[in-house]
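Participant: The opening residue of the sequence shown carries number 1463 in the numbering used here; numbering runs sequentially from there.
Just so you know, even glycine gets a beta-carbon here, dropped at the ideal spot from N, CA and C.
Since the model is a prediction, treat every value here as computed from it, not as a measurement.
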Amino acid sequence: MPHPPSHPAAALHPGSFVALSSRQGGTYQVISIDEETDSCWVRRWPLTRHGSPAFSVALPDLRPLHRPSI
1463 MPHPPSHPAA ALHPGSFVAL SSRQGGTYQV ISIDEETDSC WVRRWPLTRH
1513 GSPAFSVALP DLRPLHRPSI
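As structure tokens, then:
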């Protein structure tokens, strides 16, 4: 079922850039969204030379960003 526009997942899609409410500073890229568990897989942006590991966070912890801050 689609989320209402006020729900964090409504503005997100793979490739979106977000900040995490639980961590100061930093930009993260959305990898995938699991609406059944209200969680999202993200990785730190910009990517490091050896990549950035993905990890799961709760959707309410995300704040959408309009563009990545590098």
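Can you round the beta-carbon distance between Arg-1506 and Gly-1488 to whole angstroms, since I take them to be within the 8 Å contact cut?
Facilitator: Locating residue 1506 in the sequence shown gives position 44, counting from the first residue. Locating residue 1488 in the sequence shown gives position 26, counting from the first residue. Contact holds; Cβ gap of about 7 Å.
Participant: Would you kindly work out how many angstroms separate the C-alpha atoms of Ser-1514 and Gln-1491, rounded to a whole number?
Facilitator: Stepping through the sequence shown from its first residue, residue 1514 is reached at position 52. Stepping through the sequence shown from its first residue, residue 1491 is reached at position 29. For Ser-1514 and Gln-1491, the distance between alpha carbons rounds to 10 Å.
Participant: So what does DSSP say about Leu-1521, is it helix, strand or coil?
Facilitator: Counted from its first residue, the sequence shown places residue 1521 at position 59. Residue state, collapsed to three classes: helix.
Participant: Cutting at 6 Å between CB atoms, please list the residues of its own chain near Glu-1498, excluding the five before and the five after it.
Facilitator: Here residue 1498 corresponds to residue number 36 of the sequence shown, with the count starting at 1. Excluding positions up to five away in sequence, the list is empty.
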